[in-house]
Every structure is written in structure tokens, then in C-alpha cells.
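Undergrad: Everything in the sequence shown is counted per this note's numbering, starting at 303 for the first residue and increasing by one. Every residue, glycine too, gets a C-beta built ideally from N, C-alpha and C. Remember, it's a predicted structure, so these values are computed and weren't measured experimentally.
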Amino acid sequence: MTQFEKEILFTLIPVVLLLAGGTLAIFRNASSAFKSMTLHFAAGVVFSVVAVELLPDMIKIHDPIMIVTGFIVGIASMLIVKRVTEKIEATEENSTSKGTLPWAALAAVGIDLLIDGILLGIGFAAGQKEGTLLAFALALECFSLGIAVVTTIRSGTNSKPKLYQILVGLDLVFLIGAVAGLFLLHNAPEKLMEFILSFGAAALLYLVTEELLVEAHEEKDSPVYTALFFAGFLIFLVLGIIL
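1) Where Ser500 and Gly376 are concerned, what is the direct C-alpha to C-alpha distance, given to the nearest angstrom?
2) Only counting the same chain, and skipping five residues up and downstream in sequence, which positions put a Cβ closer than 7 Å to that of His364?
3) Would DSSP call His364 helix, strand or coil?
4) Would you call the stretch 517-535 and the stretch 451-470 touching, i.e. three or more CB-CB distances under 8 Å?
5) Distance, Cα to Cα, Trp405 vs Ala392?
6) Compute the beta-carbon to beta-carbon distance between Ala490 and Met360, rounded to the nearest angstrom, for a pair I have assumed lies under 8 Å.
7) Among the candidates Val348, Leu514 and Leu381, whose CA atom is the shortest distance from the CA of Thr434?
8) Measure from the alpha carbon of Leu319 to the alpha carbon of each residue in Lys493, Phe445 and Val540, then state which is nearest.
9) Reducing DSSP to helix, strand and coil, say where Pro491 ends up.
10) Taking DSSP as the reference, what is the three-state secondary structure of Glu521?
11) Reducing DSSP to helix, strand and coil, say where Gly419 ends up.
12) Going along the chain, which residues of its own chain have a beta-carbon closer than 8 Å to the beta-carbon of Leu357, five neighbours each way excluded?
13) Quick check on the burial criterion: 16 or more other C-beta atoms within 10 angstroms. Buried or exposed for Leu545?
14) Does Ser338 pass the burial test, meaning 16 or more other C-beta atoms within 10 Å, or should it be called exposed?
15) Say whether the stretch 411-419 touches the stretch 467-486, bearing in mind that this needs 3 or more beta-carbon pairs closer than 8 Å, one atom from each stretch.
16) Considering just the uninterrupted stretch of the alpha helix (DSSP H) at Gly433, what are its terminal residues?
17) Tell me whether Thr304 sits in a helix, a strand or coil according to DSSP, three-state version.
18) Do the stretch 512-519 and the stretch 322-335 touch if we need at least three Cβ pairs shorter than 8 Å?
19) Buried or exposed for Thr304, going by 16 or more other Cβ atoms inside 10 Å?
20) Tell me whether Pro463 is buried or exposed, calling it buried when 16 or more other Cβ atoms sit within 10 Å of its Cβ.
21) According to the neighbour-count rule (16 or more other Cβ atoms, all chains shown, within 10 Å of its Cβ), is Ile468 buried or exposed?
22) Candidates Ala450, Val452, Ile449 and Ile420: which alpha carbon is nearest Ala437's?
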């Protein structure tokens with residue numbers, strides 16, 4: 303098996319977890335507490351990958367201009383995406399009738415998954431270990447996302463085949479982003495890699511602070527949930543040392 307084939311195989315982990323989360327929500331209502339715990343843990347894991355794997359790789363190249371440029375572009379891109387998706391969802395809230403699928407919300411999720419896929423490609427561009435750990439980190443996010451998607455669209459349909467079609471469609475979007483990232487970023491020159499890593503680190507930090515933790519805190523917080531954030535960080539810190 304070639305290196306590229308191995309990387310493609312790892313991209314299937316988030317795909318499977320998205321389906322698993324959706325399946326759980328189809329056959330059993332996941333509690334808000336469970337979703338909050340999953341999101342806290344996922345946030346800690348993603349933060350750990352950024353801090354332990356990506357930041358040291360960025361510092362090694364010693365190019366502050368490229369780091370600053372990549373970081374600013376990364377944050378700006380995520381803010382633009384957030385603005386666009388919020389407008390799409392606001393438009394749908396004003397026009398969607400009861401019993402129809404929330405296509406705008408699904409489009410917003412699709413955009414998030416496309417970006418996540420590209421970020422996974424950036425992880426593998428940084429190295430095999432970085433990509434592998436990021437694949438597991440994003441898999442946890444995809445698991446909670448699968449639950450959220452099914453919970454949201456149940457108001458429009460209870461058809462299991464339809465729900466699975468939507469989940470598979472979202473999986474394909476993630477795969478497209480990941481494969482695009484793998485193809486475009488493999489063997490990138492060192493200067494470009496510095497920009498890419500900085501962009502990816504900024505985007506992932508945004509994912510942690512403005513998406514995962516914000517959604518996690520929609521449920522009343524508790525010390526146990528907070529502890530799961532640090533548990534996720536610590537576990538992947540240790541894995542990064544061992545691997």
C-alpha cells in the first residue's frame with residue numbers, strides 16, 4: 303500500500319464516525335449532555351493536535367512573515383465562511399415552511415465539512431503522524447456533527463433512507479475536501495508549507511473556540527464536561543509523544 307493510499311484510508315475514519323453519529327441519532331435520541339461531552343472532548347483533541355504537532359512544525363522554518371500572513375488569511379477565511387453560512391441560514395428561516403428539509407443549514411454543514419477535509423489534507427502535508435492524529439480529532443467532531451444533522455433535519459423527514467442519503471452526501475463532501483487537500487499539498491515547497499501550516503493552525507483554532515466549544519456550551523456546563531476538554535488534550539499529547 304502506497305503512502306497516498308494509507309492517507310486516503312485514514313480520511314475514511316471521520317467518514318465512518320459521521321455515519322455512526324447519524325445512525326445513533328436515527329435510532330436513539332442522543333441527550334444534550336452526551337453531545338456536550340463529545341464536543342468538549344473533540345475540542346480538546348483538536349487543540350492538542352494544533353499545539354503539539356502543527357505549531358512546532360511552523361516554528362522550525364523560522365519565517366515570521368509567512369506565519370503571520372497564513373494566520374491572518376486563515377482567520378479571515380473562517381470569518382467569511384461564518385458570515386456567508388449565517389446569511390444562508392437566516393434567509394431560510396424567513397422562507398422555509400414546516401415539514402421541509404433545512405437545505406440552507408445542510409449547505410452550511412457541507413461547507414464546514416469541505417473545509418475540515420482540506421484541513422485534514424494540510425495535516426498530512428505536515429507529516430504522517432500529524433495527519434493521523436488530526437484524522438482522529440476530526441472524526442470526533444464528525445461524530446457529534448452526525449448527531450446534530452439528523453436531529454436538525456428530522457423536522458423535515460423521518461425517512462431513514464432519506465436521512466442516510468443526506469449523511470452519505472455530507473461524507474462525500476468531506477472526502478472531496480480531503481482528497482483535494484492531499485493532491486494539492488503533497489510535496490509543496492517549504493515556503494508554501496509554512497503558509498499552509500499557519501493557515502491550518504488558525505482555522506483549527508477557530509474550529510475549537512468558535513464552533514466546538516460554543517456548541518458545547520449550549521448545554522448547561524459542568525466540571526465533568528470541562529474536564530473532558532483537558533482529557534482530550536492530554537490523551538492526544540501523550541499519543542503524540544508515543545507515536
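TA: Judging by the given coordinates:
1) As a working note, residue 500 is residue 198 in the sequence shown. As a working note, residue 376 is residue 74 in the sequence shown. Roughly 8 Å separates the two Cα atoms.
2) Along the sequence shown, read from residue 1 onward, the residue named residue 364 stands at position 62. So the list is empty, once near-sequence residues are dropped.
3) Reading the sequence shown from its first residue, position 62 is the one you call residue 364. Correct three-state label for His364: coil.
4) no
5) By one-based count along the sequence shown, residue 405 stands at place 103. By one-based count along the sequence shown, residue 392 stands at place 90. Rounded to whole angstroms, Trp405 to Ala392 spans 12 Å at the Cα level.
6) Here residue 490 corresponds to residue number 188 of the sequence shown, with the count starting at 1. Here residue 360 corresponds to residue number 58 of the sequence shown, with the count starting at 1. Going by Cβ atoms, the distance from Ala490 to Met360 rounds to 14 Å, so no, they are not a contact pair.
7) Locating residue 434 in the sequence shown gives position 132, where the first residue counts as 1. When only C-alpha atoms are compared, the closest one is Val348.
8) In the sequence shown, counting from the first residue as 1, residue 319 sits at position 17. Nearest C-alpha to Leu319: Phe445.
9) Translated into positions along the sequence shown, residue 491 becomes position 189. DSSP places Pro491 in coil when its eight states are reduced to three.
10) On the sequence shown, residue 521 is found 219 positions in, with the first residue counted as 1. Glu521 falls in the coil class under three-state DSSP.
11) One-based indexing of the sequence shown puts residue 419 at position 117. Residue state, collapsed to three classes: helix.
12) Here residue 357 refers to the residue found at position 55 when the sequence shown is read from its first residue. The answer, listed in chain order, is Ala503.
13) For this step, residue 545 is matched to residue 243 along the sequence shown. Burial call: exposed.
14) Here the question's residue 338 lines up with position 36 in the sequence shown. With 16 or more Cβ atoms within 10 Å of its Cβ, Ser338 is classed as buried.
15) yes
16) Here residue 433 refers to the residue found at position 131 when the sequence shown is read from its first residue. It spans Gln430 to Ile455 - the alpha helix (DSSP H) in which Gly433 sits, taken as one unbroken run.
17) Taking the sequence shown and counting its residues from 1, one reaches residue 304 at position 2. In this structure, Thr304 counts as coil in the three-state DSSP scheme.
18) no
19) Walking along the sequence shown from the start, residue 304 turns up at place 2. Looking at its Cβ environment, which holds fewer than 16 other Cβ atoms inside 10 Å, Thr304 is exposed.
20) In the sequence shown, residue 463 corresponds to position 161, counting from 1. When all chains shown are included, Pro463 counts as exposed.
21) As a position in the sequence shown, residue 468 is number 166, starting the count at 1. Looking at its Cβ environment, which holds 16 or more other Cβ atoms inside 10 Å, Ile468 is buried.
22) Indexing the sequence shown from 1 puts residue 437 at position 135. With distances taken between Cα atoms, Ala437 lies closest to Ile420.
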